[in-house]
Every structure is written in C-alpha cells, then in structure tokens.
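In what follows, a structure is listed as structure tokens, so that the remarks can point back to it.
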Amino acid sequence: MPDNGTTDTDLPPTIFVLYGATGDLARRMVLPAFYQLAQYGLLPKEWRLVGNGRGDVSHEDFQGRVHDALTEFGPKPEDGPWDDFVGNLRFAGGGFDETDPGSLLDVLEETKQEMGGDPQHVHYLAVPPSAFEKLTKGLQEHGLTDGSRVVYEKPYGTSPDSFRELDELVLSVLDEEQVFRIDHFLGKEGTQDLHVLRFANGLFEHVWDREHVQQVQIDVPETLDVAQRAEFYDATGATLDMLVTHLFQVAAEVAMEPPVDLSPESLQEARESVLAAFRPLAKEDVVLGQFEGYTDIEGVPEDSTTDTFVAARLWVDTDRWHGVPFLLRTGKKLAASEQKVSLVLRKPDGPVTHVPEHGNVITLSLSGAGALDLDFVAKKPGPVLELTQTRTTLDLADIDGGTPLPPYVSLIHDVVTGDRSLFTTSAGLAKAWATVEPLLDDRPEVQPYAEGSWGPSAANELAAPCGWLLGQTEEGDEQ
Numbered sequence: 001m002p003d004n005g006t007t008d009t010d011l012p013p014t015i016f017v018l019y020g021a022t023g024d025l026a027r028r029m030v031l032p033a034f035y036q037l038a039q040y041g042l043l044p045k046e047w048r049l050v051g052n053g054r055g056d057v058s059h060e061d062f063q064g065r066v067h068d069a070l071t072e073f074g075p076k077p078e079d080g081p082w083d084d085f086v087g088n089l090r091f092a093g094g095g096f097d098e099t100d101p102g103s104l105l106d107v108l109e110e111t112k113q114e115m116g117g118d119p120q121h122v123h124y125l126a127v128p129p130s131a132f133e134k135l136t137k138g139l140q141e142h143g144l145t146d147g148s149r150v151v152y153e154k155p156y157g158t159s160p161d162s163f164r165e166l167d168e169l170v171l172s173v174l175d176e177e178q179v180f181r182i183d184h185f186l187g188k189e190g191t192q193d194l195h196v197l198r199f200a201n202g203l204f205e206h207v208w209d210r211e212h213v214q215q216v217q218i219d220v221p222e223t224l225d226v227a228q229r230a231e232f233y234d235a236t237g238a239t240l241d242m243l244v245t246h247l248f249q250v251a252a253e254v255a256m257e258p259p260v261d262l263s264p265e266s267l268q269e270a271r272e273s274v275l276a277a278f279r280p281l282a283k284e285d286v287v288l289g290q291f292e293g294y295t296d297i298e299g300v301p302e303d304s305t306t307d308t309f310v311a312a313r314l315w316v317d318t319d320r321w322h323g324v325p326f327l328l329r330t331g332k333k334l335a336a337s338e339q340k341v342s343l344v345l346r347k348p349d350g351p352v353t354h355v356p357e358h359g360n361v362i363t364l365s366l367s368g369a370g371a372l373d374l375d376f377v378a379k380k381p382g383p384v385l386e387l388t389q390t391r392t393t394l395d396l397a398d399i400d401g402g403t404p405l406p407p408y409v410s411l412i413h414d415v416v417t418g419d420r421s422l423f424t425t426s427a428g429l430a431k432a433w434a435t436v437e438p439l440l441d442d443r444p445e446v447q448p449y450a451e452g453s454w455g456p457s458a459a460n461e462l463a464a465p466c467g468w469l470l471g472q473t474e475e476g477d478e479q
C-alpha cells in the first residue's frame, strides 16, 4: 500500500455505526473502504466501528466476518494493519427501529465509556431504501441525532413521491448539514478532477461553452448482467438506477457555472443552480431498451417492461450551454464497460476544409484513478499534406506524488471531516427528480437489443450528427 504521508490523527474520536453490517453492500464496498482508510492513515486516532443487524452476533464473530469479507473482496487482511484494525470492531444485534433498539444503545454506551470523552457519531445506513424510514425514526426516538452525521446510500427515493416523503422525514429529524447522501460517482477521482481541469487551466476554461462545444457525451455502458440482483433491478431499471442519480450529477459537474471558490458550500450551490436549469426530459429525447433474454432471468416477470438501457438528450437552459445537447447513455449487457465524459469541440472555420473524424475531443475517464484524453488533428509525417486525428493521454494515477483513493474511501473520509462538497443535497435531488418526472409519467416504448451490442439503434439519432463516440448499433445489426 503506498504511503502518501497524510494522517488524520487530529480528527475527533469517532464511533461509526454501520447498519446492514452483514449485508452485501457492506461486505463488498463499505468494510473494505474502512480498511483502506486505516491503511492510508486517514481514520481518527481513536475510533470504533459498531456493526448493527438483526442477528445475535458476538463481537468476535463479527470480526471474523469482516476478515472473511476482506479476504474475498480485498484489501487482504494480511496486507495490514489487521491487528490494529480488528480491535476497533464491535457488533450490536437485535436490529434497530423506533420501537426496539436491540442492543445498540448498550453497545454504544459501553464503547463511549471505553473511549472516554464525547466522541462524534457517524451513522451509516448501508441498507435497502425501504429501511431508511424506520432507521431514521429510530435515531430520533432513541436520542441518537444530536451532533451526529448520517450517511444514506442510494437510491435516496425511488420515485418523485418517495423522494419527497423520505426527504421530508429526514429533514424533520436532522439538519441538512448532518445529512450525507452518497453518490459514489461524485467520489471518483476523475469526477473530482473536472473542477481542477476546467478552473485551473485556461486551455479548457476558455472553450467550456456553447461557442466552442458541439455536444457533451456522458457515456457509462456496462457489460454486467443483473442476475445477481434481479428483483431489485426490475423494480428500478436503468433510468432510476443510473440516470436520475449518477449521470445527472456528473452532467451538473460539467455544466455548472464557476463557483465563488471550491468550498463545499460553493460547489453544492453551483451544482444546485445548474440542476435547476435542466429542462424536463421530453419523450422524444429518450430511448429505452431491454436486452434480449432479460425476462428469462429468475425473479423477473415474463411481461416486465423494465428498462435495462437508457439514452437521453438533456438540454441545459443556461446562457453557457443553450442549444448544446448533453447526451447521457447507460445500460447493461452492452458491448463494453466504460465511464467517459467527452466534450466534442466545434470544428474551426478556416483554410482546413476537411477535418478528419471528430477533430478536437476532450475526454475524461471516470474509471479507476481517471484519465484525460485529448484528441487533436495533426499532419501525418510524410511528403504530402495528409491530416490525421491523434490522441494524447494523461493517466491521473501517474501524477507524481499522487495516491488515488477509491470513491467510497474518499467519501467516508469526507464524512469524518464534515466535507459535504461531494454529496448530493435535498434541493439538488429535488431538481433532478423534477427533470425526470415527465419521463416516468409518459415512458416511451421499451425496445429490445442484443446482448453485447450498443443498445437500440434508435439511440443513434439522439447523438447525431457526431454519433456516439464509444460506438453505436447500426440499423440492421440489432439481431
């Protein structure tokens, strides 16, 4: 594990309460992130992690389960510092809700006495959204809200109505500043680098507008299947799982006006402002698809019309972006797995009458540590004037002294420090739901597409005249 020389031993003593601690999300993502925080020296000097669940699990048994999760999903316990880490793990069984706190209150009191002082509490709800209500009410009923920070996993609401109901409850119990709504796309190194790429480099800031940009593409295709979570996915689909959450937030990062500064408050205000300028999606600006064989998956109804693919043409009604389409695409069982944000620049007027391919394209990959690709036109070496499109790439992981953090590691660290700049807000999410609500009320017909393709060919029209940069299914190639 690389050492970046950074420690947060000056952070206040903290008790983390992980609800759903024995569930799949905790095992795959959250517990490994805590271990990586320990490896990087980014946890407070004094901390405890109290897992919570319905089962009657001893502290030692929970420690064994955490060890098993790290062995399966990494980083490996033997990579260290397991011996120091394991002594901070506790478990409180018997569940938790407003009528019965199980053993949580007792374990928290014991842990507080053990640590001494008045540690801050971070409540992490790594549970299905159906459990948010009872846990939020439980925190209020049992006096666990004062001074606490509460982390809500996505989806924070599964419809405009359920979002409004949940948010009204949450904000009746907690102040907005206490609420940390996770969207792990905002925690990606590549997404965070959008700020610096644009605002610290005149090369990009001076062309970041409708005069220079022909279209913006935010393309997140996936080769993954949904069989492992078919029941959940069939109740949500690509629009609710990805579009209204991750893709809208990334679009806001690209489209926002320059904030006053890069403080959390200014960044959130800039995102909220541009989300309010998102034009509600029209039916003709959206293509929905479902991969062939989806309804054969166990747990999926034969007549399911759930979308496993969505492509949308989003309009941002600001002076900077008026008339520039933001093209958003994502889906399952597609031809490749990528996470790309691309700005296709307008071809210049002048003596060069034929610019090959797309000309200048600025692309930021959000995968892994992130990467910046610049496509430009150059003369092909040789005796004749022949133009070609070429690319230069900067891998962010190669920057000297850098230590890329996985999204969950970055976001949990920000919760501890109280930095809300990479978290969604109540107002921002309300505006995102307002953008997608007309689509949910009047959905276009879901079109079939072949596994391993780029989705329905009808999506090509949305991206005209440039076409989807990563690839697209041409008419006649859909079978």
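For the sequence shown, counting from 1, position 209 maps to 209 in the numbering used here; every step adds exactly one.
For glycine and all other residues, C-beta sits at the position ideal for the given N, C-alpha and C.
Using the three-state DSSP reduction, which class does residue i fall into: helix, strand or coil?
| i | result |
| --- | --- |
| residue 170 | helix |
| residue 156 | coil |
| residue 120 | strand |
| residue 106 | helix |
| residue 37 | helix |
| residue 96 | coil |
| residue 367 | coil |
| residue 379 | strand |
| residue 3 | The pLDDT assigned to residue 3 is 40, lower than 50, so where the model puts this residue is not dependable; a value taken from the coordinates is nonetheless given after this. Residue 3: coil per DSSP, three-state reduction. |
| residue 48 | strand |
| residue 149 | strand |
| residue 79 | helix |
| residue 32 | helix |
| residue 558 | Residue coverage of the chain in this structure runs from 1 to 479, which leaves residue 558 outside it and unanswerable. |
| residue 16 | strand |
| residue 185 | coil |
| residue 112 | helix |
| residue 520 | Residue numbering for the chain in the displayed model covers 1 to 479; residue 520 lies beyond these limits and cannot be assessed. |
| residue 300 | coil |
| residue 320 | coil |
Spatial neighbours of residue i within its chain, please: CB distance less than 6 angstroms, with the 5 preceding and 5 following residues excluded, ordered by chain position.
| i | result |
| --- | --- |
| residue 412 | 33 |
| residue 423 | 180, 181 |
| residue 54 | 95 |
| residue 288 | 307, 310, 444, 446 |
| residue 342 | 217, 361, 363, 469 |
| residue 440 | none |
| residue 152 | 125, 181 |
| residue 394 | 372 |
| residue 344 | 214, 215, 358, 361, 466 |
Quick one, are the C-beta atoms of residue i and residue j less than 8 angstroms apart?
| i | j | result |
| --- | --- | --- |
| residue 420 | residue 268 | yes |
| residue 221 | residue 331 | yes |
| residue 334 | residue 454 | yes |
| residue 229 | residue 462 | no |
| residue 59 | residue 16 | no |
| residue 272 | residue 136 | no |
| residue 204 | residue 166 | no |
| residue 407 | residue 187 | yes |
| residue 174 | residue 142 | no |
| residue 252 | residue 275 | yes |
| residue 459 | residue 244 | no |
| residue 190 | residue 370 | yes |
| residue 234 | residue 300 | yes |
| residue 75 | residue 35 | yes |
| residue 71 | residue 47 | no |
| residue 534 | residue 138 | Outside the displayed span of the chain (1 to 479) sits residue 534, for which this structure offers no information. |
What first and last residue would you give for the alpha helix (DSSP H) that runs through residue i?
| i | result |
| --- | --- |
| residue 356 | Taken as a continuous stretch (DSSP letters only), residue 356 belongs to no alpha helix (DSSP H), as it is neither H nor E. |
| residue 61 | 59 to 73 |
| residue 139 | 132 to 141 |
| residue 127 | Per DSSP, residue 127 belongs to no alpha helix (DSSP H) and is neither H nor E. |
| residue 384 | Run containing residue 384: none; DSSP gives neither H nor E here. |
Cutting at 8 angstroms between CB atoms, please list the residues of its own chain near residue i, excluding the five before and the five after it.
| i | result |
| --- | --- |
| residue 302 | 295 |
| residue 279 | 314, 315, 316, 317, 435 |
| residue 292 | 448, 449, 450, 451 |
Could you confirm whether any beta carbon from chain D is found closer than 8 angstroms to the beta carbon of residue i?
| i | result |
| --- | --- |
| residue 325 | This model lacks chain D altogether, as it is built from one protein chain only. |
How far does the beta strand (DSSP E) with residue i in it reach, from first residue to last?
| i | result |
| --- | --- |
| residue 454 | Unbroken run through residue 454: none, as it is neither H nor E. |
| residue 287 | 286 to 291 |
| residue 294 | Looking at the DSSP string, residue 294 is not in any beta strand (DSSP E), and its letter there is neither H nor E. |
| residue 315 | 309 to 315 |
| residue 325 | 325 to 331 |
| residue 283 | Note, residue 283: premise wrong, no beta strand (DSSP E); not H, not E. |
| residue 342 | 340 to 345 |
Is there at least one non-hydrogen atom of the ligand MN closer than 7 angstroms to the beta-carbon of residue i?
| i | result |
| --- | --- |
| residue 174 | Ligands in the displayed structure: none, and consequently the ligand MN is not present. |
If I measure Cβ to Cβ from residue i and keep anything under 7 angstroms in the same chain, skipping five residues before and after, which residues do I get?
| i | result |
| --- | --- |
| residue 390 | 376, 378 |
| residue 223 | 333, 334, 336, 337 |
Problem set entry | Runs of alpha helix (DSSP H) wholly within the stretch 189 to 264 (minimum 4 residues, chain order) | The qualifying runs are 189 to 199, 202 to 205, 230 to 234, 248 to 255.
For this session: Just list the alpha helix (DSSP H) runs in the stretch 391 to 448, keeping only unbroken ones of 4 residues or longer that don't cross its boundaries, in chain order.
Result: Complete alpha helix (DSSP H) runs here, min 4: 407 to 417, 426 to 441.
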